[in-house]
Each structure stands twice: as C-alpha cells, then as structure tokens.
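> Numbering (my numbering), first residue to last: -15 to 543.
Ideal Cβ positions, reconstructed from N, Cα and C, are used throughout, including at glycine.
These numbers were taken from a predicted model, which means no experiment stands behind them.
Take this structure, written in structure tokens, and hold onto it; I'll ask about it next.
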Ligand code: GLC
C-alpha cells in the first residue's frame, strides 16, 4: 500500500511556508500508523520549481528547498529502519531549460549535448515547425536565439523534451536511477513516460492545432528504451518497482505496458479511471475546463476492463493525486452531511478491490479541495480563455469558479491539515498555497474520534493486508448504477463489499448466509434486517466476511 506525499504541502519545519524533508521525518510515526508499507514522494530533486519539481536541474541533488543531501539520506534510512519502501518520482521525459545539459545544448549544433534534446529546423513560411501545442499552453516548439532551430517541449517552453533516441542520454538516465537505487530507493514513478518516443517525422496534428502529446504517445520504441534501462539498472538492484504515469492509457495499453515480456513497468497510473458525464456539460463552453459528475456506469466498465490486470496483482487503485482535484469533493458529497460516509465508502469501494492502493496525503482525513476566487491565480493553461468564454455564455463568476475549482490540479495541493490552528499545524510561516482550516477534518481531531475517516482508513488498510483482499479473486456484481458491489473470494473465505454512491438510501437484497457473517468494519447507520442490508445515504460499506458454508454456493447471491 502506497502513501503519496506531496512534499511542498505536507509539513514545513523551517518556516519558509514550503514543506520539507524534516517535515516528512517528523511525521513518520503518523505515516507508519496508517499501516502503509510504501511512500511515494513527488520530486524533491533540484528543480527550477516552475512545475513544482518536474522541471529538473539536477537528477542527483536534493533541492535545498526541501533539505540537504544528508536530510535525504536520513529520510531514506529512517523509512528503511521502519521496514518501509520508498518510491521517488523520476521526470524522464524532459528537464528544465536550466539543466546543464540544455545549457550546453544551447551552445550550438556541434555541442555533444545537442542531441540530448529534440531539435528541428524552422520552416520559411511558418512561425513554428508544425502545429503541435504544448500541454501547458502555446506551441510545443521554441526557437533558440541565433539560429533557425527549434526545440521540442510537449509540456512547457521551459521544459525541453529529452531525446531518448540518443544512446548517451539513455545511459545517463539509467545512471540516475542506479544512483538512487544505491542510496536505497526501492522504486520510481516514471513521470509522463508515454511521450519519450517522439515521432521524428513530426507529423501535423489533424486539427488546425492540437496537442503534440496526441501524436507522440505510446510509441513503439518505448519497450526498447525501457527494457534497456531495466537491464542496466539491475546492476544496482534487482527488485526495483516501476510505476509509470500513463495518463491516457486504457486497460489494453495497461496490459501492454505491464506485460512482463515487454519489461517496461510493473504498474501504470492512468487518468482514464474517472469518466465524467459528458452529456451534462454545456455545449456553449469548452468541455475540458468544465466539471461534470462521475459517470458511474462508465466507471464500472473501466474497473471491469482493468480486471485484466488481475493475474499481475491488479492495477494501482487511487482516487486522487497531485494532478487532479480530490475526488471526494469532485465526485461525492464533501459539502454535505454525508462527507464522512462518502469518504469511507469511496475508500472501501476502490481499495478492497484487487490491486495496490495509492492514498494521497490528506485523503485519509477527508480533506476537501482548496478554492481559488480569482481565475488569474490558477496556474493551469487556458483558464482565462475559459473564463471569458463561460462569461460570454452567461455563466456568472461563482459558477465559473465552481467549475474551475473542480478541474484545476492545484486545488488538490492544499496543505495538510494537521490541526485546526491558524496555520493548521503545517508551518510557522506563510504557506506557499491555499489551505482549508476546519475542525474535525484534521489529523488531531480525527485521532481522538474512533469513528473518524482516519480510523476507518487504518482499519481498511489492516483488512487489505489479509490474504483474502491481497490475493482473492475479484468479481463485480451487476447492480444499478449507483450501487457498487463486488465479491472477493479465496479458498474458504469470501467477502462482499457493498457501496452506495448516491445520497439516497438504498437497499440490496443478499443471500441469507451473508447476513449472519462477521461484520469486519461497522459504522453507524448500517443496519441489518432479516436478509436485507440497508445502505442509507452514502453509508460506508457493510463488509461481510465469513467462512463459506460448505454446502452453499454463493452464486445464488441476488441483488
Ligand atoms: C506529470 C506530473 C505533473 C507534471 C507533468 C510534467 O503529469 O504528474 O505534475 O506537471 O508530468 O512533468
């Protein structure tokens, strides 16, 4: 089980308003108390901090913003001492333009580092070599001063894409991993790795302009690049866990990426988990910045498709990360009286499936997103254009901001609510970003309350460690859209997980033998009446775990 830490927002010990390594060290007892055995930490290596660590200046230096090299070593050792594993983020698709490789590359076409990046000549009659756009706005190409050459940046002008076609670059990247493996790092999250195979024909996007990412994702050379890297890093450590960020991957691609024969990655993180009800969007306003509710029917289909990963231990299971708003707030009832129930229900719904949960810091106390008042403060590309178009379509400020605050990625990066003091126990200084201050939804208050979301997460994680939930077969049962019910089975053990994703009370009927089972997790509000299990308003699941009666087949479960 993985706990994702966004270091900027976790705990600040030196008063600069930005979380740091000592802050993580200070909270290790807390992290361990959750029951997780692995942490993934977003980048803490030297960066220009234009993209919070993903614009790397040095792959092997700890950014002084977060601490010293010795602090980094202490953190790795401290986690090891507790028997925990540690995953580092590895932005391997691009560097910062301040990286010494790029600075060298700028010295001219003959410089040995020139080919570390992707260049092409300008075309006489066009402002850019082709019509690709960058994910964070503008063209995907920038012209260097004093020449007619352009470099590629699929994300941002200051983040040039590196050239994986160039063997010395690949060698350097493998060396980076070896360096950290030797320091004790157990795994890596390969950031945006699906774009590392750039099509050097630079084909035009079929639309007038369009994301360069569309034409460069999932390239056929990726297995070659990654398997070579994996062979090379074996010298430093055999069992390195690799989870690749593949935002657009569906289940089929996930199978390809995680196929042991291809020797690429162990797991992928996809953003395709969360299909929204597109038909509820307003056609007059750009869809990509509009929020819509989770399409539960489609969500179930996605989950069923990812069952293909079952024989590989299942996919990673997550609701939220630093690149998307917190799902509890986006898709469920964070603003209603059902907040606690929804948080617990969602955790059980995903994490008891087969696979590896990734819990994003703050999720375990039901944190909400932060809210921007001014669109100008939201760093995502295209926000101001959206604001103008939505205003033209008649949306008022409040409505526009509600949508933006449910799609912008920074809203999930609010600081961790340790207590309800003025600075929520995060810093003595001025916090780098927005935060919510709430009683009850902070670690201190939830520690004291046995029924809190935090305690529920702990119980759930304990349960997840049992063989049934680790290894058991997984089968989703057909129900109406708003219910989500599945069975886990292992030898004589079975569990039925029943979740209600609506704010309406609901009832399911289950076979009698299930109702007499031992209730593993119980919460106020669940009640049993005869053979019927009531799940009022977003109640957390009722988990029934029992030994399979020898003569009964559970196929007669009717719902
Ligand atoms: C990944 C990261 C994201 C970053 C981007 C560019 O998607 O998760 O935070 O901005 O890559 O590196």
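Counting Cβ pairs, one atom from each stretch, are 3 or more of them under 8 Å apart for the stretch 220 to 240 and the stretch 250 to 260?
Contact holds: three or more Cβ-Cβ distances are below 8 Å.
> Starting from residue 207, follow the beta strand (DSSP E) in both directions and report where the run begins and ends.
Within the chain shown, the letter at position 223 stands for residue 207. Where residue 207 is concerned, there is no enclosing beta strand (DSSP E), although the alpha helix (DSSP H) it sits in stretches over 206 to 217.
> Alpha carbon to alpha carbon, what distance is there between residue 152 and residue 146?
Along the chain shown, one-based indexing puts residue 146 at 162. Along the chain shown, one-based indexing puts residue 152 at 168. One C-alpha to the other measures close to 11 Å.
> Under a Cβ-count criterion, where at least 16 other Cβ atoms within 10 Å of its own Cβ denotes burial, should residue 52 be classed as buried or exposed?
Taking the first residue of the chain shown as position 1, residue 52 is located at position 68. By the 10 Å Cβ count, residue 52 comes out exposed.
> Rounded to whole angstroms, what is the Cα-Cα separation between residue 48 and residue 24?
As a first step, residue 48 is located in the chain shown; it is residue number 64 there, counting from the start. As a first step, residue 24 is located in the chain shown; it is residue number 40 there, counting from the start. Looking at the two C-alpha atoms, the distance is approximately 19 Å.
> For residue 483, count neighbouring Cβ atoms within 10 angstroms of its own Cβ and tell me buried if that reaches 16, exposed if not.
Along the chain shown, read from residue 1 onward, the residue named residue 483 stands at position 499. That one is buried.
> Out of 43, 475, 456 and 127, state which residue places its alpha-carbon closest to the alpha-carbon of residue 296.
For the purposes of this step, residue 296 is identified with residue 312 of the chain shown, where counting begins at 1. Among 43, 475, 456 and 127, the Cα nearest to that of residue 296 belongs to 456.
> Buried or exposed for residue 44, going by 16 or more other Cβ atoms inside 10 Å?
The residue given as residue 44 occupies position 60 in the chain shown. That one is exposed.
> Do you know how far the Cα of residue 183 is from the Cα of residue 170?
Position 186 of the chain shown, counted from the first residue, corresponds to residue 170. Position 199 of the chain shown, counted from the first residue, corresponds to residue 183. The alpha-carbon atoms of residue 170 and residue 183 are separated by roughly 32 Å.
> Name, in chain order, the residues that DSSP records as bridge partners for residue 116.
As a position in the chain shown, residue 116 is number 132, starting the count at 1. Answer is 194, bridged to residue 116.
> Could you give the DSSP three-state label for residue 257: helix, strand or coil?
Here residue 257 is taken as the residue at index 273 of the chain shown, counted from 1. Note: residue 257 maps to coil in three-state DSSP.
> On the DSSP bridge list, what partners appear for residue 78?
On the chain shown, position 94 is the one that residue 78 refers to. Answer is 145.
> Quick one: what's got a C-beta closer than 8 Å to residue 284's C-beta in the same chain, skipping five residues either side?
Position 300 of the chain shown, counted from the first residue, corresponds to residue 284. Closer than 8 Å at Cβ, skipping near neighbours: 460, 465 and 468.
> Taking only three categories from DSSP, how would you classify residue 126?
Here residue 126 is taken as the residue at index 142 of the chain shown, counted from 1. Here residue 126 sits in strand by DSSP.
> Return the residue from the list 197, 111, 280 and 97 that minimises the CA-CA distance to residue 77.
What you label residue 77 is simply residue 93 of the chain shown in a count that begins at 1. When each option's Cα is compared against that of residue 77, the closest is 197.
> Is residue 28 buried or exposed, if buried means 16 or more other CB atoms sit within 10 Å of its CB?
As a working mapping, residue 28 is identified with position 44 in the chain shown. Buried, since its Cβ has 16 or more Cβ neighbours within 10 Å.
> Between the alpha carbons of residue 447 and residue 352, how many angstroms are there, rounded?
If you number the chain shown from 1, residue 447 lands on position 463. If you number the chain shown from 1, residue 352 lands on position 368. Straight-line Cα distance between these residues: approximately 25 Å.
> Look at residue 26 and residue 306 and say whether their C-beta atoms are less than 8 Å apart.
Sequence index remark: in the chain shown, residue 26 carries index 42 (1-based). Sequence index remark: in the chain shown, residue 306 carries index 322 (1-based). Yes, these two residues count as a Cβ contact at 8 Å.
> Can you name, in chain order, every residue of its own chain whose Cβ lies under 6 Å from the Cβ of residue 97, other than the five neighbours on each side?
The residue you call residue 97 lines up with position 113 of the chain shown. Closer than 6 Å at the Cβ level, and outside the excluded window around residue 97, lie 85, 88 and 89.
> Find out if the Cβ-Cβ distance for the pair residue 294, residue 338 is shorter than 8 Å.
Working through the chain shown from its first residue, we reach residue 294 at position 310. Working through the chain shown from its first residue, we reach residue 338 at position 354. Taking 8 Å as the Cβ cut-off, residue 294 and residue 338 qualify as a contacting pair.
> Where do the N-terminal and C-terminal ends of the alpha helix (DSSP H) with residue 7 fall, by residue?
Mapped onto the chain shown, residue 7 falls at position 23. Element bounds for residue 7: 5 to 10.
> Around the Cβ of residue 333, are there at least 16 other Cβ atoms within 10 angstroms (buried) or fewer (exposed)?
Numbered from its first residue, the chain shown carries residue 333 at position 349. Residue 333 should be labelled buried.
> Verify whether the separation of the beta carbon atoms of residue 173 and residue 74 is less than 8 Å.
In the chain shown, residue 173 corresponds to position 189, counting from 1. In the chain shown, residue 74 corresponds to position 90, counting from 1. It is a contact, given that the beta carbons lie within the stated cut-off.
> Would you say the beta carbon of residue 318 comes nearer than 7 Å to a heavy atom of the ligand GLC?
As a working note, residue 318 is residue 334 in the chain shown. Residue 318: no, Cβ never under 7 Å from the ligand GLC.
> Just to confirm, does residue 229 get its C-beta within under 7 Å of one of the non-hydrogen atoms of the ligand GLC?
As a working note, residue 229 is residue 245 in the chain shown. Yes, the beta carbon of residue 229 sits closer than 7 Å to at least one heavy atom of the ligand GLC.
> Going by DSSP in three states, residue 352 sits in which element: helix, strand or coil?
What you label residue 352 is simply residue 368 of the chain shown in a count that begins at 1. Three-state result, residue 352: coil.
> Where residue 122 and residue 142 are concerned, what is the direct C-alpha to C-alpha distance, given to the nearest angstrom?
The residue labelled residue 122 in the question sits at position 138 within the chain shown. The residue labelled residue 142 in the question sits at position 158 within the chain shown. Between residue 122 and residue 142, the C-alpha separation is close to 12 Å.
> Mapping the DSSP letters down to three states, classify residue 484 as helix, strand or coil.
To locate residue 484, count along the chain shown from 1; it is residue 500. Looking at residue 484 - three-state DSSP - the assignment turns out to be strand.
> Alpha carbon to alpha carbon, how far is residue 261 from residue 278?
The sequence position of residue 261 within the chain shown is 277, counting from 1. The sequence position of residue 278 within the chain shown is 294, counting from 1. So the two alpha carbons sit approximately 6 Å from each other.
> Is the separation between the beta-carbon of residue 317 and that of residue 487 shorter than 8 Å?
Against the chain shown, residue 317 aligns to sequence position 333. Against the chain shown, residue 487 aligns to sequence position 503. Yes, the Cβ-Cβ distance between residue 317 and residue 487 is below 8 Å.
> Span of the alpha helix (DSSP H) holding residue 373?
Taking the chain shown and counting its residues from 1, one reaches residue 373 at position 389. It spans 367 to 376 - the alpha helix (DSSP H) in which residue 373 sits, taken as one unbroken run.
> Just to check, is the beta-carbon of residue 176 closer than 7 Å to a non-hydrogen atom of the ligand GLC?
By 1-based counting over the chain shown, the position of residue 176 is 192. Yes, Cβ of residue 176 sits closer than 7 Å to a heavy atom of the ligand GLC.
> Can you tell me where the beta strand (DSSP E) with residue 343 in it begins and where it stops?
For the purposes of this step, residue 343 is taken as the residue at position 359 of the chain shown. Looking at the DSSP string, the run of the beta strand (DSSP E) that includes residue 343 is 340 to 344.
> Near residue 158, what residues of its chain come up, given a Cβ to Cβ distance below 7 Å and the 5 sequence neighbours on each side ignored?
As a first step, residue 158 is located in the chain shown; it is residue number 174 there, counting from the start. So the qualifying residues of the chain are 213, 216 and 217.
> Using C-beta distances below 7 Å, list every residue in its chain close to residue 241, excluding the 5 sequence neighbours before and after it, in chain order.
Start at 1 with the first residue of the chain shown, and residue 241 comes out as number 257. 228, 230, 233, 248, 249 and 252.
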